[in-house]
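Chains A and B, in that order, are what the protein sequence lines are. Quick note: the first sequence uses this note's numbering, first residue 1, plus one each step. Quick note: the second sequence uses this note's numbering, first residue 480, plus one each step. From the three backbone atoms N, C-alpha and C, an ideal C-beta is built for every residue, glycine too.
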Amino acid sequence: MDLNLVPLLPEIFLAISAMGLLLVGANFGNESTKVISWYAALAAFVAIMITLNVPSDEEAVLNGLFKLDLFASVMKIIILIGVIASISLSVRYLIQQGIARFEYPILILLSAVGMMVMVSANNMLSLYVGLELQSLALYVLAAFNRNSLKSSEAGIKYFILGALSSGFLLFGISLIYGFTGTIDFEVIQNTLMATETIGFGVTFGLVFILAGLAFKVSAVPFHMWTPDVYQGAPTCVTAFFAMVPKIAAMGLLMRLLFEPFGIMADQWGQIVYFLAVASMIVGAFAAIAQDNIKRLLAYSSIGNMGYVLIGIVAGNEVGASAVMLYLFIYMIMTAGVFAVVLCMRRNDHVLENISDLSGLSRHNPALAYGMAILMFSMAGIPPFAGFFGKLAIFNAAVEAELYVLAVVGVLTSVIGAYYYLRIIKVMFFDEPVDAYDSGFPLARKIVLTLSVLFIVGFIIKPGVVLNAMQAAASSLFVG
Amino acid sequence: MIISALAFYFFAGILVLSSVLVITAKNPVHSVLFLILAFFNSAGLFILLGAEFVGMIMVIVYVGAVAVLFLFVVMMLDISFADLRKGAMQYVPIGLIIGAVLLFELIAVFGTWSMSDDKLANLAAPSPGESVSNTQALGKIIYTDYVLAFQGAGLILFVAMVGAIVLTHRRRPGVRRQSVAEQHARKPEDVLKVQKVTPGTGV
C-alpha cells in the first residue's frame, strides 16, 4: 500500500477547511455567511499556494488513483482562481436576495474539491467520485433559492439530467472494463496499444463516456439543460456555473482522450468534431433570439465550448495548450461580465433583460465601458485577450489540417459578434431608463477591474500565461 | 449446474416481471412493494454470481432504506399519481422506438463482443478464491488501495447531507426548545416562593 498524501494536500486542505467552516456556520447561524464566504475565499487562495509548492510528478499515487502532473496543477490553479472570483461576486448578491445561508461557500468549496479530483483522476473510479462530488454540490447550488419556483425547477432539471448522464458514463466505463479488465488509465492505454483490433465494445463504451462528459460541458446535442438552469439559478450561482465546472470537465476530457484513449484518436475525433461544429452553430444562432441576458450567456457558453472542443480534436500539444489558454481567458471574461450582470438591479429588483441595460453609459459610464471592453473581447476583436484565445484555437486547427473546423469557427464567431455588439449598442445608443441602485460592493468592483485589466493587458505580456499553458500541455503528452 | 441455471431463471424471471409491474401498477403503494420484490431478486442474482456482499448490501440499503423511504413518501405526500401519469401514454410509441433501437445496438455490441488478451493479467484485484470470503476481500482493499475513492464517497455523502438540510430545513419562529444549560442553572430561589399561610385567610 502506498500512502503518499503529499500530492493531495490542496484537496485535503480544502475539504478540512470546508468542514471547519461548516462548524463555524452551524454555531453562528446565517449571519456569519459573509465572514464564512471570505474565509472560504482565503482557503481557496491558500490551496493555490499549496498547489504551487507541491512538486508535480508524473507518477500516480495512492495505487494509481491520483496523479498530480503539471497539467493537473495548472488546471487546479485556474479552477481555484475561478472559485475565489465567484465567491467574491456572490456575497453581496446573496444578502440582497435574502438567501444568505452559510452553506453556500461551503458547497462551492466542496465542489471545488470534486473538480480538483477530476482533473487529477488517473482511474475511472477517482474520475467518477470527483465528478459526482462536483455535480452533487452543483445541483444543490442551482436550487439554492428554494423559495423561487424557477430556481427549484433549475435544480430538479439539472439533477435529473445529470443523473442520466452519470448513468451513461458508468455504462460506458463498464464496457471499457469489460474489454480491458481494468479501470486504471495507464493500464487501459497499454492494453489498447497492445491490441491489434480494438473491439466494437470499446468504441461503444467510449461513445457513452463522451456522451456523459459532453453533458457536463454542455456541448450540443447535450446542451438542453443549460439555458434553463442558467436562467433559473440565482445569478451568482450562474456565474459560478459559467466559470468553473466546465474547466474541470474539459480537463477531465483532455486527460481521458489524450492519455488512455489517445490511440483511438480516429474514433473519438469524429465524435468531438461533430460536437464542436454543432455547439458552435447552435451557440451562435440560438443566442441571437434571446432577450434574457442569462440565457444569452448560456448560449454563448455553449458556443465557446464548441471552440474549446476544436482544440481537443486537434489532439496535439498545440491544441491542448490552446484549450487551456482559451478556458482561462474565457473564465476571466465571464467573471467580469457577471460582475456587471449582478449590478443590474433597480428598486431592489433583479433585472435580467438585455433591454434593461439601455442607456447604461449615461448613468454609469465606468460599468458601461467595462462591459463594452468585455463584449469586444468575447466577440474576439483584437487587441483584447479574447482574440488571442480564439487565435490559438484556430491556429491549432490549421496546424492539424482541420480547415473546415477553423472556417466554421471563424464564421460562427462573426455571427456571435452580432449579439455581443448588440449589447454594446443597447448600452450606448438606446434611450436611457432609470439608473440602477447605487452602492456596488467593493469586491465586485475589484473583480470587474481585474478582469478588464487582464483582458486589456494580456497583449503586453502574453508570455507569462502562454508558457505555463504550454508546459502544462506538454506534460499531458509525456506518456 | 442445472440448479444454478434454474435459480437464475427463477430470479431473473421474477425480477423482470416485478419491474414491469412497478411501472404498470395503478396503486403507488403496490408499485413500491413490487420494487422491493425486484430488489430482493436482483440480490439473489448477485449471490448466484458469487458476490454475496453486494447482494446483502442490496437488501440492506435498497430494501431496508431506499424502498422504505419511497413508501413513506408515497404514503405521506398527497400526490395524485393518476394525474402525473395522464398524458404519458402519448410518449409510448416514441419510447418503444428508442428502446428498440437501443436494444438492437446492444445486441450488435454483444454479438461482436471481444475481450483483450491481457484481460486477466490486468485485473487489479482478482478474486482471491474460495478461502477468503467476499466481504473480507473487499475489506482488505477498500481501506488501503482504494482509500481515495472511499474518502471521496464519504465527502459525497457529506455534500448530500448538507444539501438536504439547505434545501429543506426551515427555521420556524416561536418554537420552544429545550435549553439544558438554562435548566441546570436554575436555582430553587428563582422559581420557588415559600409562603407562610395562616389558617383561615388563604393566600
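| Item | Value |
| --- | --- |
| Short CB-CB distance (under 7 Å) between F66(A) and chain B | yes |
| Length of the line joining the Cα atoms of V499(B) and V552(B) | 21 Å |
| Proximity test, Cβ basis, 7 Å: A628(B) and chain A | yes |
| Where the alpha helix (DSSP H) containing A522(B) begins and where it ends | 507-527 |
| Pairwise C-alpha distance: I50(A) and L453(A) | 26 Å |
| Simplified DSSP assignment, three categories, for A530(B) | coil |
| Bounding residues of the alpha helix (DSSP H) (the contiguous stretch that carries W38(A)) | 33-53 |
| Chain-order list of residues whose beta-carbon lies under 8 Å from that of L133(A) (same chain, five-residue window excluded) | L110, S111, V113, G114, V117 |
| 7 Å Cβ cutoff, I481(B) in contact with chain A | no |
| Which listed residue (Y158(A), N145(A), I312(A), F241(A)) has its alpha carbon closest to that of Y273(A) | I312(A) |
| Residues of the region 586-615 of chain B with Cβ closer than 7 Å to any Cβ of chain A, in chain order | V588, T591, W592, S593, M594, S595, D597, K598, L599, N601, L602, A603 |
| Cβ neighbours of I621(B) in the same chain (closer than 7 Å, five flanking residues each side left out) | F629 |
| Opening and closing residue of the alpha helix (DSSP H) in which D228(A) lies | 225-232 |
| Neighbouring residues, chain A, relative to A660(B) (Cβ below 8 Å) | Ordered by position in chain A, no residue passes the 8 Å Cβ test against A660(B), which lies about 15 Å from the chain. |
| Within 7 Å of chain B by C-beta, residues of the region 354-366 of chain A in sequence order | none |
| 9 Å Cβ cut-off: residues of chain B touching V187(A) | D597, N601, A603 |
| Against chain B: residues of the region 143-160 of chain A by CB proximity under 9 Å | A143, F144, R146, S152, G155 |
| V308(A) - DSSP class collapsed to helix/strand/coil | helix |
| CA-to-CA distance, V670(B) to I515(B), given in whole angstroms | 56 Å |
| Below-7 Å beta-carbon distance, I493(B) vs any chain A residue | no |
| Per-residue DSSP class, three states only, for A417(A) | helix |
| Length at least 4, wholly inside the region 536-606 of chain B: the alpha helix (DSSP H) runs in chain order | 547-555, 560-564, 571-590, 598-601 |
| N27(A) CB to nearest heavy atom of the ligand FMN below 6 Å | The ligand FMN is not among the ligands present in this structure, which contains no ligands whatsoever. |
| Interface partners of L646(B) on chain A, CB under 7 Å | V140, A143, R146 |
| Where N123(A) sits in the DSSP three-state scheme | strand |
| Chain-ordered chain C contacts of V641(B) [CB-CB under 8 Å] | No chain C appears in the structure shown, which is made up of the protein chains A and B. |
| Own chain, CB closer than 6 Å to G319(A), minus 5 neighbours either side, in chain order | G311, A396 |
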